[in-house]
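Below is one structure, written out as structure tokens; comments come after it.
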Amino acid sequence: MPCCWGSTASACIAILSGDVTDAIIWAVGLGLLGAIAGSFLATIAVRWPAERSVARGRSACDGCGRALTARDLVPLLSWVATRGRCGACGARIDSRHPLIEAGCALAGIAAGYAAPGVAGAAGALFGWLLLTLAVMDAHDFWLPDELTGALAIGGVASAWWVAPDWPERLIGGVGSFALLWLVAAGYRRWRGREGMGGGDPKLFGAIGLWLGWRLLPAVLVIAGLVGLGWIAFQYLRGRAMAADDALPLGTLMAVAAYPAWIVMIGSAG
């Protein structure tokens with residue numbers, strides 16, 4: 001009997017060690033890939049709202065136009081090495097670049113550790129797109145249909161191998177879009193002006209296609225709490241917000257949605 005218990009314990013330790021090793025490998029791999037993807041996504045977030053080309057031409061300093069070398073394009077490390085400034089003109093590098101690069105790396109690490117394998121890769125993509133949309137909405141109050149559409153397509157495609165199942169996702173996607181669309185329409189009819197951006201219902205619908213319907217109430221609650229926290233923070237800084245000041249709802253929903261996915265996929269595993 002002691003021999004059997006010893007063999008069982010050894011097998012459990014081996015399995016556990018294998019699971020932990022896989023999680024670490026996927027976390028590191030998706031973290032590195034996230035930093036690289038974040039470099040490109042940051043360029044999109046900075047240039048697209050300014051109607052500057054994203055795909056054409058070499059990367060260049062926003063201040064002096066100097067073409068960047070390979071040494072200038074290493075995600076995060078180049079920003080640290082140059083202290084966040086252009087080596088030629090000294091112009092400060094837009095803070096959205098390191099923010100998105102670091103955020104995408106962290107999203108990849110979290111997804112890889114929570115769900116090693118294809119599910120983690122899908123979750124990392126979810127996080128990268130959410131972060132890009134969150135930054136764009138916070139800075140420019142804009143949620144491009146192209147990025148929101150890509151997020152929605154990813155939610156539909158990932159249903160083949162990642163929880164939740166098709167019916168739950170479809171209910172979540174359609175229901176979440178309809179909910180915010182009705183709220184926006186009701187506010188417009190009541191107040192005679194827009195109270196919500198047109199991209200917010202679309203983003204919430206795309207989030208529903210990833211999370212299903214069960215977690216959507218929690219996403220809205222967390223988004224609301226984050227928004228209240230931001231208002232309180234601004235008040236403490238002496239920058240109290242007026243009643244008609246806009247908050248980037250898309251940013252708040254994105255901030256709430258990704259931790260919800262991590263918790264969901266961790267529970268499913």
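Here the sequence shown is numbered in UniProt numbering, starting from 1 and rising by one per residue. Yeah, the Cβ is synthetic: ideal placement off N, Cα and C, and Gly gets one too.
Counterpart residues of residue i in DSSP-defined beta bridges
i: Ala60; result: Ala67
i: Arg85; result: Arg92
Environment of residue i [buried if 16+ CB atoms lie within 10 Å]
i: Trp166; result: exposed
i: Thr21; result: exposed
i: Ile207; result: buried
i: Ile153; result: exposed
i: Ala81; result: exposed
i: Trp190; result: exposed
Three-way DSSP call (helix, strand, coil) for residue i in this model
i: Arg92; result: strand
i: Ala124; result: helix
i: Phe141; result: coil
i: Pro116; result: coil
i: Arg47; result: helix
i: Met241; result: coil
i: Ser53; result: coil
i: Gly212; result: coil
i: Val74; result: coil
i: Leu33; result: helix
i: Pro259; result: helix
i: Ala268; result: helix
i: Ala206; result: helix
i: Leu131; result: helix
i: Gly227; result: helix
i: Pro248; result: coil
Sequence-distant residues of the same chain with beta carbon closer than 8 Å to residue i, five excluded per side
i: Gln234; result: Ala240, Met241
i: Leu99; result: Ala42, Val135
i: Ala88; result: Cys61, Cys64, Arg66
Nonlocal neighbours in the same chain, by C-beta distance under 6 Å from residue i, ignoring five residues either side
i: Ala47; result: According to the sequence displayed, residue 47 carries Arg and not Ala. Correct list, in chain order: Val54.
i: Leu249; result: Asp200
i: Ala37; result: Cys104, Trp128
Own chain partners of residue i with C-beta closer than 7 Å, once the 5 adjacent residues on each side are dropped
i: Ala119; result: Trp161, Val162, Ile265
i: Arg85; result: Ala91, Arg92, Ile93
i: Phe204; result: Ser176, Phe177, Leu180, Met253
i: Tyr187; result: Gly195, Met196
i: Gly172; result: Gly208, Leu209, Leu211, Gly212, Trp213, Leu216
i: Ala257; result: Leu130, Ile207, Leu211, Val219
i: Trp79; result: Ile93, His97, Pro98
i: Thr251; result: Ala134, Asp137, Ala138
Problem set entry | Within the segment 145 to 195, ranges of the alpha helix (DSSP H) (whole runs, at least 4 residues) | 145 to 157, 166 to 191
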